[in-house]
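**Student:** Attaching a single structure in structure tokens format; questions to follow.
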Amino acid sequence: MSAMSLIPTGEMTLGPFFPREFAQGANDLAMGTEQGEVIEITGRITQLDGRPLDNLVVEIWQADSQGRFDSGEFFGWGRAATDANGVYRFRTIKPGACEGRAPHINFLLLYSGLMRHLQTVMFFEAAKDPVLDAVPAERRQQLIARREGAAYRFDIRLRGDGETPFFDD
Amino acid sequence: MLSRRDPATQSEGVVQGYAQTAQRWPSQPLVRRPQTKSELTGPAHLARRLGAVRGDLAGHGEKRALGQLIHIRTRVVDEDGAPVPGAVVEVWHCNASGRYKHPNDSDHAPLDPNFYGAARLVAGDSGLVELRTIKPGAYPVPDTAGWWRPPHVHFSVWGRVWLSRLVTQMFFPGEPLNQADVILNAIRDPQARNRCIATLTPTAQGPQDALMYDYQIVVRGRGATPRLEK
Numbered sequence: 000m001s002a003m004s005l006i007p008t009g010e011m012t013l014g015p016f017f018p019r020e021f022a023q024g025a026n027d028l029a030m031g032t033e034q035g036e037v038i039e040i041t042g043r044i045t046q047l048d049g050r051p052l053d054n055l056v057v058e059i060w061q062a063d064s065q066g067r068f069d070s071g072e073f074f075g076w077g078r079a080a081t082d083a084n085g086v087y088r089f090r091t092i093k094p095g096a097c098e099g100r101a102p103h104i105n106f107l108l109l110y111s112g113l114m115r116h117l118q119t120v121m122f123f124e125a126a127k128d129p130v131l132d133a134v135p136a137e138r139r140q141q142l143i144a145r146r147e148g149a150a151y152r153f154d155i156r157l158r159g160d161g162e163t164p165f166f167d168d
Numbered sequence: 000m001l002s003r004r005d006p007a008t009q010s011e012g013v014v015q016g017y018a019q020t021a022q023r024w025p026s027q028p029l030v031r032r033p034q035t036k037s038e039l040t041g042p043a044h045l046a047r048r049l050g051a052v053r054g055d056l057a058g059h060g061e062k063r064a065l066g067q068l069i070h071i072r073t074r075v076v077d078e079d080g081a082p083v084p085g086a087v088v089e090v091w092h093c094n095a096s097g098r099y100k101h102p103n104d105s106d107h108a109p110l111d112p113n114f115y116g117a118a119r120l121v122a123g124d125s126g127l128v129e130l131r132t133i134k135p136g137a138y139p140v141p142d143t144a145g146w147w148r149p150p151h152v153h154f155s156v157w158g159r160v161w162l163s164r165l166v167t168q169m170f171f172p173g174e175p176l177n178q179a180d181v182i183l184n185a186i187r188d189p190q191a192r193n194r195c196i197a198t199l200t201p202t203a204q205g206p207q208d209a210l211m212y213d214y215q216i217v218v219r220g221r222g223a224t225p226r227l228e229k
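If you want it as structure tokens, here you go:
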């Protein structure tokens, strides 16, 4: 038995003053990797009244093109902030399937007014996947990106009509 | 597998007195998902990508920031109490008069030319990060009925896996504004709330010219240390 059991620290909002320098410079995951299909992922993030959110921090975590996490050949983690139009952008490689999971990218959102961070997942197509299957059938489409040329579009609605499903772990 | 957190030790999503939470927190219940390799891995060498920036926010001599010199000693541990070596920790806070050096801060309090207010630290083997800085001031929150933020320091921390990510705020002991702060008091359990307040420690050891504060951050995850059977 473990000698100690500590309770994880309570999360609190990022607030409106997250240093811009921290949010910048980490949204190109494809740079320096040889493997995989290079793609762009972009989308717009809006709140209940439809207003796009500026300087919202988006972090992602994904497998490499072979479905391996933290493989050494591909870093797999990135961070971006939305612009004044609520738009974020990542350049990355398309992840492979891994151990029963369909290709996907984990998203984490941090912002003023979000007391805890929000977790969601972007999929490339409707597929058999234990995480996608956990979402009520009528909401699954919200987690599937739309292909637009070389880019995948994944809009995120925090609250309201067409609300993105978010996860609790 | 990571164990689920007791909601009482965390904040509500929509908080009375903090209008933006009702625009931004989802209206639908969060979906419980199985934990797979995808959520239970993370960038093991994040510090190679996000290296240390500015370990000292207070400065020296003519470049010394205004305000009470403090020294915050933060330990990053997991749920077993085991240190998280290599944990990346981002810290930011306002200056002694309550103003952030950030384009979003339109408060009338003055900027301090010698205070920048943001650092990135990387924990050593003991999970410890240390920051020399000045004590932040309190400031009023615009468009609210008299809500003042107590002095606080923002922390953004990475643990061992994707699900260990933690963003929080550290508070100072004995501040009357702590009792009424909407953000601190959104954490329902009083003990969990108290753990967000740093401890003022005697300065017999360490820097003699700064008030020492100890603070512990517990990130999700356990089992990194060998555990005995039974």
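One line per chain: the protein sequences are V and Y, in this order.
Counting with numbering that gives the first Met the number 0, you get residues 0 to 168 for the letters of the first sequence.
Counting with numbering that gives the first Met the number 0, you get residues 0 to 229 for the letters of the second sequence.
Idealized CB from N, CA, C, for every residue including glycine.
All values derive from a computational prediction rather than experimental measurement.
Note down, in chain order, each residue of its chain lying with its Cβ closer than 6 Å to the Cβ of residue 156 of chain V, except the 5 sequence neighbours on either side.
**Tutor:** The residues are 45, 162 and 163.
**Student:** Kindly give me the distance between the Cβ atoms of residue 63 of chain Y and residue 74 of chain V, rounded to whole angstroms, as I take these residues to be in contact under 8 Å.
**Tutor:** That pair is no contact at about 38 Å.
**Student:** Per DSSP, which residues does residue 165 of chain V bridge with? Please list them.
**Tutor:** In DSSP, residue 165 of chain V forms no bridge with anything.
**Student:** Is there a C-beta anywhere in chain V that falls below 8 Å from the one on residue 117 of chain Y?
**Tutor:** Yes, residue 117 of chain Y lies at the interface with chain V (some Cβ there is under 8 Å from its Cβ).
**Student:** Where DSSP assigns a beta bridge to residue 118 of chain V, which residues make up the other side?
**Tutor:** DSSP lists V:107 and V:166 as partners of residue 118 of chain V.
**Student:** Checking contacts by CB at 8 Å: is residue 19 of chain Y closer than that to chain V?
**Tutor:** Closer than 8 Å to some Cβ of chain V, the Cβ of residue 19 of chain Y qualifies, so yes.
**Student:** Output the distance between the C-alpha atoms of residue 105 of chain Y and residue 204 of chain Y, rounded to the nearest integer angstrom.
**Tutor:** Taking the straight line joining both Cα atoms gives about 40 Å.
**Student:** Applying a beta-carbon distance threshold of less than 9 Å, which residues of chain Y neighbour residue 37 of chain V?
**Tutor:** Residues of chain Y passing the Cβ test: none, with the nearest at roughly 19 Å.
**Student:** At the level of alpha carbons, what is the spacing between residue 16 of chain Y and residue 11 of chain V?
**Tutor:** When rounded, the distance between both Cα atoms is 15 Å.
**Student:** Hey, is residue 26 of chain V close to the ligand SAH, as in C-beta under 7 Å from one of its heavy atoms?
**Tutor:** In terms of ligand content, the structure shown is empty, and the ligand SAH therefore cannot be addressed.
**Student:** Residues of chain Y with CB closer than 8 Å to the CB of residue 133 of chain V, please, in chain order.
**Tutor:** Those are 30, 31, 32 and 33, listed as they occur along chain Y.
**Student:** Name the two residues that bound the continuous alpha helix (DSSP H) containing residue 78 of chain V.
**Tutor:** Careful: residue 78 of chain V lies outside any alpha helix (DSSP H), inside the beta strand (DSSP E) at 76-80.
**Student:** Quick one: residues in its chain with C-beta nearer than 6 Å to the C-beta of residue 128 of chain Y, no 5 flanking neighbours on either side, listed in chain order?
**Tutor:** Around residue 128 of chain Y: 73, 88, 120 and 122.
**Student:** Given a cut-off of 8 Å on the beta-carbon distance, is the pair residue 212 of chain Y and residue 191 of chain Y in contact?
**Tutor:** The answer is no: Cβ separation not under 8 Å.
**Student:** Quick one: is residue 287 of chain Y buried, meaning 16 or more other Cβ sit within 10 Å of its Cβ, or exposed?
**Tutor:** Chain Y is shown from 0 up to 229; residue 287 of chain Y falls before or after that span and cannot be answered.
**Student:** In whole angstroms, what separates the C-alpha of residue 8 of chain Y from that of residue 118 of chain V?
**Tutor:** In a straight line, the C-alpha of residue 8 of chain Y is about 19 Å away from that of residue 118 of chain V.
**Student:** Is the Cβ of residue 41 of chain Y closer than 8 Å to any Cβ of chain V?
**Tutor:** Closer than 8 Å to some Cβ of chain V, the Cβ of residue 41 of chain Y qualifies, so yes.
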